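Okay, so here's the structure we're looking at.
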Amino acid sequence: MSNQERDTKLHEMLCAFALGEATEEERFEVEAALERSPELRAELEEIQKTIGLVQVSFPEPELSPAIRETLQKASETLPIKEIPRGRMRRVVQVTVALAAGLVVVFGAYVFSKVGDVMVETSSTARRTMDELGYVDSEAKEDSGDQAMLKALGYAGEERAKDPSGSTKLRSLGYVGDDRDSNLGLAASAPEAASSELRSEENNLSDARGGSRLDALRQLAYGGEDPVEEPVLGESLAGGDSFKGPGDTVPPGRAAELTAEQERELEAMGYGGYAPSEPLLKDSSPGPSNEDLRSLGYAGGEGPSSKPEASKEQVVAVGGGAGGKFGGRFGGDKRTRLEGNERRESTGSDAWFLGRPERRSLADEEASGFVILDGRYGQDPADVEELIRGCRRRPRESARDMFFRFWGEHPFQPTRFSPVSTFAADVDTASYVLTRRYLSSGQLPPAASVRTEEFLNYFKPDVAPPSASVGHPFALQLEMAPSYFGEDENTWMLRVTARGAERDRYERDPLALTFVVDTSGSMKTGNRLELVKKSLRLLMAELGPEDTLALVSFSNTAQVRFPMNSVAQRGRFGEILAQLTPSGGTNAEAGLWEGFREAALHVKPGVVSRVVFLSDGVGNIGETDQNRILDQVAEYRSRGIYLNTIGVGMGNHNDTFLEQLANRGDGLCNYFDTEREARRALVENFTGAFQPIARDVKIQVEFDPAQVESFRQLGYENRAVANADFRNDAVDAGEINAGHQVTALYELKLSAAAAERGPLATARLRYKSPFEAGQGERNEETKELTSSLSAQELAPNFASTTPGYRRAVLVAQFAECLRLSIHAQGDSYEALMRAAEALGQVLVDPDFEEFESLLRQAQPGLAKLSSNERTELDRHVEQLRRLHYYQARLEQLRANHVPEPGTTEESEEEGFLEEIRELEEKIRGLVNDRARNQERLRALGY
Amino acid sequence: MEDRSDGDLLCAWQAGETEAFEALVQRNQAALLRHAQALLGDWRGGEDVVQDAFLRLAQKPPNLPDDVRGDPAAERSFLSSWLHRVTRNLALDTMRSEKRRKRREKAVASNETTSGGLADIEAEDTRQAVERGLERLPSEQREVLVLRLLGERSYKEIAQITGKKIGTVGWLISAGLKALSSDLSPLLASAPLAPAMSTNPSTDTQAGGLQERLS
C-alpha cells in the first residue's frame, strides 16, 4: 500500500470516527492511535471543525407557504389503493366494533335515561340512536363522546336534576364505590374480624340459591358476572373482541365487502356488522336489562344461576364494584401490545393508529393494566401462563398481590401495621410531563403519573417554621372527611413538611457545573436554545462569590468553560452561544466530565452541584444504569450534588433522570417552555440549590383503636421499610430551602372511636446537609413530631384550608390519570366542580392551569372508562379477585384463632372449586376463540 | 404529533387526517431541500423538486415492509430514504432536461440583507463561504456530504438512497471533507465550533494498532 493510499484510508477512518460511523473495534483503534500521534489529532480536529462549520452555517430550509398549501390540498385527496386482505379484515373488525360500541352506548343511554323501560322495537332503537347521532356510520366522535359522557354519568346534568338517576347510575356501576373497605374492616381487630366472618357465613347461607360470589360481593368484592348466557355484545363481536365504541370508519370501506363475505361473516357470528343496519335485529326483545348487565354495565350483578335477580338487588349487591373495575381493562390504547395487526381497534384512535408503545408483561403487571384479549386470544398455549399469573406467588402477601394485579396498594389494616414510612420527595417532573401530554391531546401513560410529584408541584401553602422552633421544618397535619371517599368513615389526612426559607443573601456560595447535551436530538423543538436561555436566566441569579463551569457532550464530552468566577459570565455566555447540536448522546461521558470538573474545585463552605441537562438518556442499558447510579452516589459522598433537568419530550426518559437526581441528592426538573425554566431555576432558585436537610424520612403512625385501615396516595417508589425509619444508614430524600413536602393518606376510622389520644402522629427525621470539603460529615440525626387528635378534625371538606383542598383535588386528578383502582367510579364531574369552586377562592396561577388540565383530560378519561371489556378479561379479573380474597382470608386466619364451629374449611373449598371452574372457562374461551380464528382464516380472512 | 412514528402518520393520513401529511412534510422538508440543493448546486432552489417528491408521496405512497412496520426508527429511515430517492431522481431529471439553470447570484443577492448586527453579517459571510466550498466539490461528494452532515443520514442509508456501496460513500465523504477542509482552512483557524474531542484520557497504549493495520 502506498503512502498516499494509506493516508486516504486513514482519513476515511477518521471521518467515520468523527461521524460516529466507526465500529466499536475501529473506534478503539483510532482512539489509541490518536493518543500517540499529534498529527492524527490535528487531522481529526480539522475534520471536526469542517463538519461543525458546515452544520452551523446552514439554517434549516423550509418550503415556502405556497408550496405547503399545494401539498396540503394534494394530501386531502387520498391515494387510490387496493385494500390488502389484512386491511379488509380490519375493516370488518372495526365495523363490528363500531356496531358493538353502538349497542353499548345505546344500551347505557337507554338504561340511564329510562331505567326499567324495555325498548321493544328496533325502530325505537334506531330513533334513539338517531338522536345520538349514531346512525350515520360517520358519526362524529365529538357527539359520541357527549352521549357517552352523559350515559356514563360524567355530564352530570341528569344526576343533578334527577336524584333517582343516580341510583340508576349506581346500578350502572359508575357511582358506587365499595373497594375492599369491608375487608379492611374485617381485619382491623380480632373481634371485628370474627364478626365479619360470621356475617360472611350468614351471607353464604342466605345466598343459598346463588353462589359464593354473592357473599364476595356483599363483602364489596362484587365482581363481574361470570357470564354464561349468550351475550349481545359478544355475539356481535364474535370470536374476536373489540373495545372501540365510537370508532369511526373511513367512509366507503365497509361497503367494499361483498354480499357473500357478509353472509359468511354473519354465519361466523359477526352478525349485524354493518352499522347502517338495524343493530338489534337479531336480538329479538331489544336490549333488556339482562343484556345491559351482561355488557358489563350492571356492575356486579348476580350470577347466572340467579337470573331472576331484580334491579334493586343489582343496586344493593353489585354497587359500583363491578363498574369500578370495569373501565380499567377497557381498551387502553397505550397498553395494547403490538403484533396484533388484525385487531388494532381500540378506544379512540381506531385501527389505523394502533401502534402504541411496547410494553413488557412485567410493565403491565406493575401498572395494573392488562389487555388480555389481544394476546391470549391468539395462542391457546399462553392460557396457562395467564392462569398462573392470577395465582398467588410463593410467599407473596395479599398486599403485594393487590399491587401486582392493580398497581396500587390496598387499604392496609392498622392491625397488621399501623405505621407508614416514606422518603421525602420534592420532584415535580411527572406533573410537567403530564401537562405536556395533555396539551398535545393525549393522556399520559398511567405509569408516568406519580401522585407525589403532582402534589409537590404546587407552591407551599403552609407557613415556614419560625426561628424559635429549632428545626428547619414545620410539620403539620390536617384531616377532614374524604371528599371522594365512599362513606362517612373515610377520611383524608394531609401531612405537610414545610422547609425553612433562606433569603438570597443567606445562602452559601455555589459552585455549579452545567453538563449540557448537545447531541443532534437537541435540535428538535429548539431544545438546546431553551437550555441556553434557561442558563442565561440562571446566571442572572448568581452572585459574585459563586462559580460556574460548562461541560458539553454529544459523542464525547468536553469542558467548555473551566470552573471560574461568575464575574466571567460574559465569556461563559459567549461559549454557551456557540454550542450547536449534532452527533450522538454519550450522557455518561458528559456526566463524568462534569463530576471531574466539579471535584477539582470542591471547597469548604461552598455548595458544589452538577446540573445535568438532557433530552433523554434512554440509550443507557440497565446494567450501566446501576453502575452509573453507584458512581453518582460515590461523588455525592465526596460532597457533590447532582440535579437533572429533562428538556423537551418524546424520548425523554424521566425515570432514569429521576433516579440520577435521587442518588445525587438533587432535584429532577423538567422543562418544556421558557416559563417552566424560569419557574424551576429562577423563582425557586434557593429551593433548587440550597439544601437545608438530607435523608429526610417521614413516618406516620395511626392509633389502631381509632383508625381501622389506611392507604397512602403516591410515593410508591419512595416507601421505606418501617423498621428503617430510625436506621440512619438508609438513604432518603433531600429537602432544599422553601420546599414543601405533601403526603396524603386516606383512612377509615373505627365506628366506635371514643379515644382521646392522638389519632395520627407524624415524625420527621433528618440530618443536617453536608457540603463539599467539610471533612467528616455530621451524622447527627434530628427528629420532630407532630400529632393530631380526633377533636382537631375538620367537620367537612369546605372547612379545611385551601391548601388542603388543593392537595386533595390534585391527588384525585393524579389517581384518575393513573386509572387507579381507588378512583374508579369516582365522579370526574365532582372533581371538576370542586376545582372550580376552589379556583374562585385561591389566587394561584398554577391552580388555574390545573383547572384547564382537568378539562383537557376529561374527554380522554371518559372515553377510557367507557371502553368495554371482553368476557375473557372479566373472567380473569374475577379469578384474580378470588385469589386475592383467598390470600386475605389466609392472612386473616393466620392472625386469629378460628372460633369453633366456623365453616372456614368448607368455605375455602368452595373458593377452590370456583377457581377451578373459572380456570376451565378461561381455557374453553381461549380454545374456542382459536378455533374460530382458524375457521375465519380458512375462509380467507 | 411529533412523537408519532412515520408509519402512524402515513396510516393516519390515509385514513383522512390531513394534518398527518403536513407533519410528514414538516419532518422531512429540510433534509430533502438540502439534498435537492446539493444536487442542483443551487442553495435557494430545490423547492419544485421537493414539492414534486411530496406530491408523489401523496399520490402513490410506499407500502411499509413488514420488518419495518412497528419500529419507529426503521419506519423513519425507510420513508425518508424513499423520499430522498424520489427527490434524487426528480433532481437528476431536472438537471438532465436543463430546464433549470443556476441562479445563485440572484438568489444570494436577494438574501444578503440581514437583520442583526455584525455577528449576523459574519455568520452570513461564513455561510456563503461554506456554500461556495460545497459548490466547488464534485456533485457526488457534495451530495453525500449534504446527506450526512445536514440530513443526518447514516452511511448505510446514503448508500441506499444513492445506489452506491457503503465503502464508496465513506470514500466520497472523506474526499469531500478533505477538499472542503483545505478550501475553508482560513475559516477553520478561527472556528470555535468543532464538535467535542474525546476527553477520555486513555492510558498509554502500546504502539501498533491502527497504523500497523493500515500498512
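Protein sequence lines correspond, in order, to chains P and A. Numbering follows my numbering, with no gaps: position 640 of the first sequence is 640. Going from the second sequence to my numbering is simple: count from 1 and add 941. Ideal Cβ placement from N, Cα and C applies to all residues, glycine included. Just so we're clear, the structure is a prediction, and the values are computed from it rather than from any experiment.
Item	Value
At which residues does the alpha helix (DSSP H) containing I51 of chain P begin and terminate?	P38 to S57
Does any residue of chain P have a CB that is nearer than 8 Å to the CB of S1095 of chain A?	yes
Does the Cβ of G302 of chain P have 16 or more other Cβ atoms within 10 Å, making it buried, or fewer, making it exposed?	With a pLDDT of 34 at G302 of chain P, under the threshold of 50, the predicted position of this residue should be treated as unreliable, though the coordinate-derived value follows. The residue is buried, with at least 16 neighbouring Cβ atoms inside 10 Å.
Is S439 of chain P close to chain A, meaning its C-beta is less than 8 Å from at least one C-beta of that chain?	no
For Q568 of chain P, count the other beta carbons within 10 Å of its own beta carbon; 16 or more makes it buried, fewer makes it exposed. Which is it?	exposed
For C15 of chain P, return the contacting residues in chain A, with the cut-off set at a CB-CB distance below 8 Å.	G1111, I1114, S1115 and L1118
Helix, strand or coil: which one does DSSP assign to G327 of chain P?	Note that G327 of chain P scores 31 on pLDDT, short of 50, meaning its location in the model is unreliable; the coordinates nonetheless yield the value given after this. Helix, per DSSP.
Chain P partners of Q1158 of chain A, CB-CB under 8 Å?	Since the displayed chain A opens at 942 and closes at 1156, residue 1158 of chain A lies outside it and no answer follows.
By Cβ distance below 6 Å, which residues in the same chain neighbour L831 of chain P in space, the five residues on each side in sequence not counted?	Q812
Measuring only the C-alpha atoms, how far is A589 of chain P from T686 of chain P?	28 Å
Between P:Q740, P:P65 and P:V808, which has its C-alpha nearest P472 of chain P's C-alpha?	P:Q740
Which of the three DSSP states, helix, strand or coil, is assigned to E701 of chain P?	strand
Which word fits L600 of chain P, buried or exposed, when buried means at least 16 other C-beta atoms lie within 10 angstroms of its C-beta?	exposed
Taking the Cβ atom as the reference point for each residue, do A971 of chain A and E62 of chain P lie within a distance shorter than 8 Å?	yes
Could you name the residues of chain P that F1019 of chain A contacts, counting a contact when the two beta carbons are closer than 9 Å?	The premise fails here: F1019 of chain A is roughly 14 Å from chain P at the closest Cβ pair, so nothing lies under 9 Å.
Work out the CA separation of P544 of chain P and E35 of chain P for me, nearest whole Å.	39 Å
Any Cβ of chain P within less than 8 Å of the Cβ of W954 of chain A?	yes
In the DSSP assignment, find the unbroken alpha helix (DSSP H) run with E5 of chain P in it and report its ends.	N3 to A18
At a CB-CB cut-off below 8 Å, which residues of chain P make contact with L1129 of chain A?	E46, K49, T50 and L53
Does the distance from the CB of E26 of chain P to the CB of F17 of chain P come in under 8 Å?	yes
W406 of chain P and L747 of chain P: beta carbons closer than 8 Å?	no
Can you tell me which of P:E634, P:Q55 and P:V495 puts its alpha carbon nearest to the alpha carbon of L1088 of chain A?	P:Q55
Would you call the segment 464-479 of chain P in contact with the segment 717-728 of chain P, where contact means no fewer than 3 C-beta pairs closer than 8 Å?	no
CA-CA distance, G825 of chain P and E408 of chain P?	16 Å
Look up A500 of chain P in the DSSP assignment and say whether it is helix, strand or coil.	coil
What's the gap between the Cα of V647 of chain P and the Cα of S789 of chain P?	45 Å
Under 8 Å between the Cβ atoms of D425 of chain P and N456 of chain P?	yes
Counting along the chain, where does the beta strand (DSSP E) carrying F422 of chain P start and finish?	V419 to A423
Please identify, using Cβ separations under 7 Å, the residues of the segment 960-985 of chain A that lie next to chain P, in order along the chain.	F962, E963, V966, Q970, A971, L974 and R975
By the three-class DSSP mapping on this structure, what secondary structure does S946 of chain A have?	coil
Does N643 of chain P come out as helix, strand or coil in the three-state DSSP assignment?	strand
Put A274 of chain P into one of helix, strand or coil per three-state DSSP.	Confidence at A274 of chain P is low in this model, with a pLDDT of 33, below 50, so its placement is unreliable and no value can be given for it.
Check whether the segment 391-401 of chain P and the segment 667-674 of chain P are in contact - that is, three or more C-beta pairs closer than 8 Å.	no
Please confirm whether any heavy atom of the ligand SAM lies closer than 7 Å to the CB of L793 of chain P.	No copy of the ligand SAM occurs in the structure displayed, which carries no ligand at all.
So, at 8 Å on beta carbons, what are the nonlocal neighbours of R41 of chain P in its own chain, with the 5 sequence-adjacent residues on each side left out?	L34
For A661 of chain P, collect the residues of the same chain with a Cβ closer than 8 Å to its Cβ; drop the 5 residues on either side in sequence, then sort them by chain order.	D427, L642, N643, T644, L667 and C668
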